[in-house]
Amino acid sequence: MKRTMIFTILLMAIIFTSEAKEWPLEECVAYALEHNTGLKNSERVILQAKNDIIAAYGNFLPSVSVSGVKVLKESVSTMTLPGPGGTTMELEMDMLSNYQYSLSAQLPLFTGGARFYTLKSKLKEREIAREEYRKTRMHVIYSVSEAYYNVIYAGLMKDLAAETVKILEEQKEMAQIQYDNGEASNLELLQARVELNNARPDAMKAESGYKTAMMSLKNILGADEDFIFTVSHDFDVDEKSVFPGKEIIMDLALKNNPDIQILKKNRDILTYSKTMSKGQYLPSLILSGTYGQQKEEWEQDWDESYNITLALQWKLLDGLKRPAGIKNLTLQQDILADTYQDIIEKTGIDISMKIESIREASERLEAQKINLSLAEESLEMAKAGYQEGVVSLLELMQARIGYNNAKAGAIKARYDLNLSWLNLKKSAGILEQEEEL
């Protein structure tokens, strides 16, 4: 029975270990991109835009129709004609053949640029759909990356809080032994208990924060709550990255930021719409042709007929619809121009803020490294002094707490630096490489 229990425990441990696979950030991002519904819908919008382009190309082709008629019953008109010798005679006139069919085609030769600029507008709409797709991709990448960093940070803080509790428990036991032996005061024992009791709620909060961060990551990934995996154990901070200049990042944003690109393309579409509205003042030229055959009785031969026409249509007056429409399009262009200028200015300010965040986090990380080194040295000296009896237990506890606080500061600095780089890449529109669809 005992062997069976041991085997079961080992088997469960093996299964749990095999299931708890460590997923790097790239794998999490790939999983989220594959399962994100919004991204799939964005792909469908691109396909719709492609179909609209095909339809716009079709406007340059002629429209062709065919029709056929079989007369089932008709009234015949008669005409009275004078005959010889003062007589009259009636003549029946059948104006409609019993069997007939016709094939008609119509091709607009000139429409004031409507077909050409409609096609250009549809091409721009496809580009907008692609930018919306990129925007959705970057949002997914950003959300997954941010949640991933949150899990790493929460995990490190959880481990640090657990380590702090363990250290304080050991110190409390040491204080209790020394107090029982008369080597420590009641104040030192109470201080050890207070520090331990203060650390335990922080550890519970850190444990809960880690679970919450992991559930948030699963939610963003689209994974089940019971899905088991782990993340990296520390941040991958490239501390030697060249500090970016604002001009370089701004140039990247102007070329890659989806919001800026969408505004540019909407501005082009408005220009095309205004050109089409002005083209309504021009005449349209339409080439038409019809070919038909008809006969009165089925046994007879077919009689042919055809015609080719060139029609000129010129709408001289359409109320005030056309000038009012052009004025509205001009106003929309002004609105879009102001919006574009506003987003450029805000993007520049946002990039400056992101660069400042990177600078501050980088400098803080360097300062925290020095602080951690000093805290580690102070802790080693406190341990040695405590062994020699020249450092009190209270001073040793303070040194250990100072060391853990320095570790927490270094962890927070690495976390902030990663997020700052992530935010800067998002503002510049370079979180991912554009894919052809």
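Taking this note's numbering, the leading residue of the sequence shown gets 60, the next gets one more, and so forth.
Note that the Cβ used here is the ideal one computed from N, Cα and C, for glycine as well.
Because the structure is a prediction, the values reported are computed rather than measured.
- With distances taken between CA atoms, Q107 lies nearest to Y192 out of K413, Y192, K324, K354.
- If you look at E355, you'll find it isn't in any beta strand (DSSP E); DSSP assigns it neither H nor E.
- Distance from A472 to R423 at the Cβ level is roughly 5 Å; contact confirmed, criterion being Cβ atoms closer than 8 Å.
- In this model, E232 and I287 are separated by some 37 Å (Cα to Cα).
- Take N209, set aside five residues on each side of it, and the residues of its chain with a beta-carbon closer than 8 Å to its own are A272, S275, L276, in chain order.
- The beta carbons of A234 and L92 sit no closer together than 7 Å.
- Residue range 173-239 is occupied by the alpha helix (DSSP H) that includes D218.
- Rounded to the nearest whole angstrom, the CA to CA distance from K413 to D401 is 18 Å.
- Taking a C-beta distance under 7 Å as the contact criterion, E363 and Q372 do not qualify as a contact pair.
- Three or more Cβ pairs closer than 8 Å define a contact, and the segment 176-187 falls short of that threshold against the segment 355-370.
- Between K179 and I112, the gap from beta carbon to beta carbon reaches 7 Å or more.
- Residue pairing by DSSP places T147 opposite P141 in a beta bridge.
- Scanning E439, Q159, N95 for the CA closest to the CA of S126 turns up Q159.
- V123 sits in a strand when the DSSP states are folded into three classes.
- The continuous alpha helix (DSSP H) containing N477 extends over residues 452-487.
- Taken atom to atom, the span from the alpha-carbon of P317 to that of S486 is near 10 Å.
- Only exposed fits D239, as fewer than 16 other CB atoms lie within 10 angstroms of its CB.
- In the DSSP assignment, V88 is bridged to no other residue.
- Under the Cβ criterion (8 Å, minimum of three pairs), the segment 170-177 counts as touching the segment 329-337.
- If you compare the alpha carbons of S122, L120, N157, Y116 with that of K132, the shortest gap goes to N157.
- Bounds of the alpha helix (DSSP H) holding D111 are 96-117.
- Leaving aside the five residues that flank K484 on each side, the residues in its chain whose CB is nearer than 7 Å to its CB run, in chain order, L490.
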